[in-house]
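A.B. asks:
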Amino acid sequence: MTPEFFIGLGLILLGTVSVAWASPKDYLTRLINLEIPAFGLLLVMLSFDEMLALLTFIAVATVSTFIFVRVIGKREEIN
Amino acid sequence: MIEQIITLGLTGLIFLGAAATALWKNPFDKLIGLSLLSAGVIPLIVMRGYLDVAIVVAILIPISTIFILLLLGRKTS
Numbered sequence: 001m002t003p004e005f006f007i008g009l010g011l012i013l014l015g016t017v018s019v020a021w022a023s024p025k026d027y028l029t030r031l032i033n034l035e036i037p038a039f040g041l042l043l044v045m046l047s048f049d050e051m052l053a054l055l056t057f058i059a060v061a062t063v064s065t066f067i068f069v070r071v072i073g074k075r076e077e078i079n
Numbered sequence: 101m102i103e104q105i106i107t108l109g110l111t112g113l114i115f116l117g118a119a120a121t122a123l124w125k126n127p128f129d130k131l132i133g134l135s136l137l138s139a140g141v142i143p144l145i146v147m148r149g150y151l152d153v154a155i156v157v158a159i160l161i162p163i164s165t166i167f168i169l170l171l172l173g174r175k176t177s
């Protein structure tokens, strides 16, 4: 096993805990903390040499961040 | 020999960035920790030889940071 695999697993665990129990409990903190397990999953994909999966995952993560920003903005406008 | 030292240093940088992003409370501080994390991840991608993936990662991470900053600017105003 390569060191990237274990770094990725550690990042997924730490990021999941920090998203689940975010310290100020609002949407923005959880959205920023959600980037940590995304990097962990990226490193796990890197350790298995899946290039197409890496490119697709990065693009989809950016688009989903944009969609979450729009949704949170609309919800704050309603409130 | 030198690759093990570089990997060890990058591991320290990655976990420093992850802990900083998870523990700090101000969103601007969180974004700085996130860029520290990405600065540790990109040399690992380059060391595996995927330069095109490194280009895409280096372009798309600041774009997602700009999206989050859009939300932050709307929140403070």
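Protein chains in written order, with this note's numbering: chain A, 1 to 79; chain B, 101 to 177.
We put the CB at the ideal spot given by N, CA and C, even for glycine.
Give me the chain B residues within the contact set of serine 4/A, using Cβ-Cβ distance strictly less than 8 Å, ordered along the chain.
C.D. replies: This sequence places glutamate at residue 4/A; serine is not what is there. Near glutamate 4/A (Cβ distances below 8 Å), the residues of chain B are Leu144 and Arg148.
A.B. asks: Return the CA-CA distance between leucine 46/A and lysine 25/A, expressed in angstroms with no decimal places.
C.D. replies: Taking the straight line from one Cα to the other gives about 32 Å.
A.B. asks: Flag this pair as yes or no: are the beta carbons of glycine 40/A and glycine 15/A separated by less than 7 Å?
C.D. replies: Yes; because the gap between Cβ atoms is below 7 Å, this pair is in contact.
A.B. asks: Contact criterion: CB-CB distance below 7 Å. Does serine 18/A meet it with respect to chain B?
C.D. replies: Yes, its Cβ sits closer than 7 Å to a Cβ of chain B.
A.B. asks: So valine 156/B and isoleucine 12/A are in contact, right, with Cβ under 8 Å, and what is the actual spacing, rounded?
C.D. replies: About 21 Å separates the two Cβ atoms, so there is no contact after all.
A.B. asks: Run through the segment 108-153 of chain B for me and flag every whole alpha helix (DSSP H) of 4 or more residues, listed as ranges in chain order.
C.D. replies: As far as the segment 108-153 of chain B is concerned, its whole alpha helix (DSSP H) runs of at least 4 residues are 127-148.
A.B. asks: Which of helix, strand or coil does DSSP assign to leucine 13/A?
C.D. replies: The answer is helix: DSSP assigns leucine 13/A an H, G or I state.
A.B. asks: Roughly how many whole angstroms lie between the Cα atoms of valine 141/B and phenylalanine 5/A?
C.D. replies: Near 12 Å, if we compare the C-alpha coordinates of phenylalanine 5/A and valine 141/B.
A.B. asks: Return the residue from the list Phe48/A, Gly10/A, Leu28/A and Val44/A that minimises the CA-CA distance to isoleucine 168/B.
C.D. replies: Closest option to isoleucine 168/B, Cα to Cα, is Leu28/A.
A.B. asks: Going along the segment 154-173 of chain B in order, which residues come within less than 7 Å of chain A, judged by CB to CB distance?
C.D. replies: Here the close residues are Val156, Val157, Leu160, Ile163, Ser164, Phe167, Ile168, Leu170 and Leu171.
A.B. asks: Which same chain residues, not among the five before or five after leucine 131/B, have their C-beta less than 7 Å away from its C-beta?
C.D. replies: Hits under 7 Å: Thr165 and Ile168.
A.B. asks: Report the rounded CA-to-CA distance for proline 143/B versus alanine 119/B, giving the unit in angstroms.
C.D. replies: Answer to the nearest angstrom: the Cα atoms are 19 Å apart.
A.B. asks: Hey, is valine 137/B's beta-carbon within less than 7 Å of any beta-carbon in chain A?
C.D. replies: Before going further, note that residue 137/B is leucine rather than valine in the sequence given. So yes, leucine 137/B belongs to the interface.
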